[in-house]
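In this text, residue positions in the sequence shown follow my numbering: the first is 595, and each later residue adds one. So the structure is just underneath, and the comments pick up after that.
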Amino acid sequence: MTVGTGVDPDLVLARQAAETAARAAGVSVREVRSLPEMAGVVTLFNSIWGDSRPPVSVELLRALSKAGSYVSGAYRDGELVGACVGFFHAPAEDALHSHVAGVSSGSVGRNVGFALKQDQRAWVLERGVGAISWTFDPLIGRNAYFNLAKLGAAAVEYLPDFYGPMKDQINGDEDSDRLLVHWRLRGPRAVQAAAGAPVAVSTAGAVVALGRDGAGRPEPGRTNGELSLVAVPTNVTNLRLNNPALAREWRVRVRETLQELLSQGARVTGFDKDGGYVVARESARLEGNNA
């Protein structure tokens, strides 16, 4: 806290960053409190994931909201175009788990997701909590870039088939592998990203541990580099629809490569749009690649 004023500058800057992000996206972000609004969140999520297995229900949202967890929506001209839901970890862990977030198809690419996450960051900091965690599918490159570069979160654990079969219109029927990320809300990466500067990592000298050949298939390389690149498919959503066997091959190759590197003490330090995951051993991190 700032001596003599009682004002925490981190909270002020976080809320300002959230408001700036919302203006840039053309939305207002606020907590969802009424049952009709919660029903709107369920409808939005159903349109994204499909009606067969909605990720939340109105009853669950009501319980989470009443318990003081995060249930918020992004509105444009009164229409819900994005929503985010999270619940707190055990008290000693000082974190919120962000369970699900989604943006309507018409608002994808308009920075609504960034506005939601910046609001979530400010909201969590205002409640005296220092971190947010969540999981994402490591095969979806745009999400990897968003989480690791645009937000400045850190990938901390690979979780094979974390949810079991999901069978919705996004995940299909393959294994639900996930990367767990941890977002330290006062850390330099998060602060830099909140100011609108994505976190970049150097790929100079990196070797290709997993590449992509001319036909779009995974191409194994070598995993003994100090700095490695692990590619992902160009568009795994299309692959799941049009070539599920190749999508499954990518799942296995990315899983095997990342798990092998992480088991050797390496760590994911970022995501490069061209090369994929940037994975560094300790010596490479000490040389400044873990920005």
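Just so you know, even glycine gets a beta-carbon here, dropped at the ideal spot from N, CA and C.
DSSP-derived helix/strand/coil call for residue i
i, result
"Glu813", "strand"
"Glu653", "helix"
"Ala716", "helix"
"Phe708", "helix"
"Leu690", "strand"
"Val597", "Residue placement at Val597 cannot be trusted, given a pLDDT of 45 that sits under 50; what the coordinates show is reported in the next sentence. Three-state DSSP puts Val597 in coil, outside helix and strand."
"Thr831", "helix"
"Glu820", "coil"
"Asn884", "In this prediction, Asn884 scores a pLDDT of 44, lower than 50, which makes its location untrustworthy; no coordinate-derived value is stated."
"Ala749", "strand"
"Ser796", "coil"
"Glu673", "strand"
"Gly680", "strand"
"Gly700", "helix"
"Ala668", "strand"
"Ala860", "coil"
"Ala695", "strand"
The ligand SAH heavy atom lying under 6 angstroms from the CB of residue i
i, result
"Pro630", "As presented, the structure is devoid of all ligands, the ligand SAH included, so that no description of it is given."
Segment limits, alpha helix (DSSP H) that includes residue i
i, result
"Arg842", "838 to 857"
"Ser641", "629 to 643"
"Arg617", "603 to 619"
"Ala661", "That residue, Ala661, is in no alpha helix (DSSP H); it is neither H nor E in DSSP."
"Arg783", "782 to 788"
"Tyr739", "735 to 739"
Other residues of its chain near residue i: CB distance less than 6 angstroms, five sequence neighbours each side excluded
i, result
"Ile642", "Gly696"
"Leu840", "Leu833"
"Arg670", "Gly620, Val621"
"Gly819", "Val801"
"Asp866", "Thr797, Val872"
"Phe756", "Ser770, Arg772"
"Gly735", "Val826"
"Leu719", "Leu605, Ala608, Leu779"
"Ala803", "Gly815, Thr817, Ser822, Val824, Thr851"
Selected residue, minimal CA-CA separation from residue i, among the options
i, options, result
"Val872", "Val795, Asn818, Ala841, Phe639", "Val795"
"Ala738", "Glu876, Gly864, Val601", "Gly864"
"Val652", "Leu855, Ala661, Val635", "Val635"
"Ala800", "Val601, Ser698, Pro732, Val862", "Val862"
"Ala612", "Gly707, Gly680, Ser628", "Gly707"
"Ala749", "Leu607, Pro814, Arg721, Phe730", "Phe730"
"Ser699", "Trp717, Thr828, Gly676, Val718", "Gly676"
"Pro782", "Ala725, Leu855, Tyr664, Asp868", "Ala725"
"Gly870", "Ala608, Ser857, Ser666, Asn829", "Asn829"
"Gln610", "Arg845, Glu876, Trp717, Arg875", "Trp717"
"Val846", "Pro812, Val626, Asn741", "Pro812"
"Ala860", "Val694, Phe681, Tyr752", "Tyr752"
"Arg806", "Asp868, Ala874, Ala791", "Asp868"
"Ser857", "Glu876, Trp844, Leu835", "Glu876"
"Val694", "Leu674, Val665, Ser701", "Val665"
"Ala791", "Leu742, Ser663, Glu673", "Leu742"
"Arg721", "Thr831, Gly672, Phe681", "Phe681"
"Leu654", "Asn836, Val626, Gly672, Asn837", "Val626"
"Glu687", "Ala789, Val702, Gly672, Val723", "Val723"
Same chain, Cβ closer than 8 angstroms to residue i, five either side skipped, listed in chain order
i, result
"Ala784", "Arg715, Leu745, Gly746, Ala747, Trp777, Arg778"
"Ala616", "Ser622, Val623, Ala668, Ala709, Gln712, Asp713"
"His683", "Ala689, Leu690, His691, Ser727"
"Pro754", "Asp769, Asp771, Arg849, Gln853"
"Arg656", "Leu629, Met632"
"Phe740", "Gly707, Phe708"
"Gly598", "At Gly598, the pLDDT of 49 sits below 50, so the modelled position is not reliable; the number obtained from the coordinates is stated separately. Excluding positions up to five away in sequence, the list is empty."
Terminal residues of the beta strand (DSSP E) in which residue i lies
i, result
"Glu625", "622 to 625"
"Leu779", "Per DSSP, Leu779 belongs to no beta strand (DSSP E) and is neither H nor E."
"Tyr871", "870 to 874"
"Ser727", "725 to 730"
"Arg806", "801 to 806"
"Gly722", "Premise fails: Gly722 is in no beta strand (DSSP E) and is neither H nor E."
"Gly758", "Looking at the DSSP string, Gly758 is not in any beta strand (DSSP E), and its letter there is neither H nor E."
Same chain, Cβ closer than 7 angstroms to residue i, five either side skipped, listed in chain order
i, result
"Ala618", "Asn705"
"Thr614", "none"
"Ala787", "Lys744, Leu745, Gly746, Val793"
Would you call the region 851 to 862 in contact with the region 816 to 824, where contact means no fewer than 3 C-beta pairs closer than 8 angstroms? yes
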